[in-house]
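Note that my numbering has the sequence shown beginning at 9, numbered continuously upward. Since the structure comes first, as structure tokens, the remarks are kept for the end.
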Amino acid sequence: MRDLVFWRIFNDGFPSDHCLSHGWIERNLSSDVYFILLARLENFLKEEEAFVNELRSCITKFKELYTAIERFGLRPDLKKGEELIVLRSEVAKAFNEALKKESKAEHEKSHLLESYAGLILALEEVKKQSKAINAYTKKKKMCKREFHY
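See below:
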């Protein structure tokens, strides 16, 4: 059921990323907001986990390079030097991939924060409207009392 709701939110007339970043939540405070925020959180956590896994892979490559440098010493022969060059290249590639994954995670985080900011604004607007309605109702009751004399 939840997957169907997520699908509807993002594919069937519910807000897209563009809509969410342009005030959709503020204008449509409803139970759908819960599913949107949950979907945003799950997207962020998925990307964050991918980043952490890629960072672990990068650290493993760093360890391999460090171990090889310790094993070969400061002046390796030609074959060992080539192996170090390959390991350095692998470390650079792994670090590049980790940074790309972090970039995606940060992108999802920005969407998540935008959604929460929109929710806060929407809740403040509801609070203002509620106060205005209460003040109007109170004023209306006072007017009715005056006419009952």
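By construction, the Cβ of each residue, glycine as well, lies at the ideal position given by its N, Cα and C atoms.
Host alpha helix (DSSP H) of residue i (start-end)
{"i": "Arg64", "result": "40-80"}
Sequence-distant residues of its chain with Cβ nearer than 7 Å to residue i (five each side left out)
{"i": "Phe70", "result": "Val99"}
{"i": "Glu56", "result": "Ala113"}
{"i": "Leu53", "result": "none"}
{"i": "Met9", "result": "For Met9, the predicted structure reports a pLDDT of 40, less than 50, and the residue's modelled location is therefore unreliable. A value from the coordinates is still provided. If we look at Met9 and ignore the five residues flanking it on each side, it has no Cβ neighbours."}
{"i": "Ser97", "result": "none"}
Exposed unless 16 or more other CB atoms sit within 10 angstroms - verdict on residue i
{"i": "Ala102", "result": "buried"}
{"i": "Ala47", "result": "buried"}
{"i": "Ala130", "result": "buried"}
{"i": "Ser123", "result": "buried"}
{"i": "Ile93", "result": "exposed"}
{"i": "Asn61", "result": "exposed"}
{"i": "Ser138", "result": "exposed"}
Cutoff 8 Å; reference residue i; Cβ partners in own chain excluding five residues on either side
{"i": "Leu95", "result": "Lys69, Glu72, Leu73, Ala76"}
{"i": "Lys135", "result": "none"}
Cβ neighbours of residue i in the same chain (closer than 6 Å, five flanking residues each side left out)
{"i": "Leu63", "result": "Ala106"}
{"i": "Phe80", "result": "Lys88"}
{"i": "Asn51", "result": "Glu116"}
{"i": "Glu133", "result": "none"}
{"i": "Leu45", "result": "Ser123"}
{"i": "Glu34", "result": "Per-residue confidence for Glu34 stands at a pLDDT of 49, beneath the threshold of 50, marking its modelled position as unreliable; no derived number is given."}
Inter-residue CB distance, residue i and residue j (contact presumed, cutoff 8 Å)
{"i": "Ala140", "j": "Lys109", "result": "That belief does not hold up - the Cβ atoms of Ala140 and Lys109 are roughly 47 Å apart, past 8 Å."}
{"i": "Leu120", "j": "Val41", "result": "In fact, because the Cβ distance is near 13 Å, the residues do not count as touching under 8 Å."}
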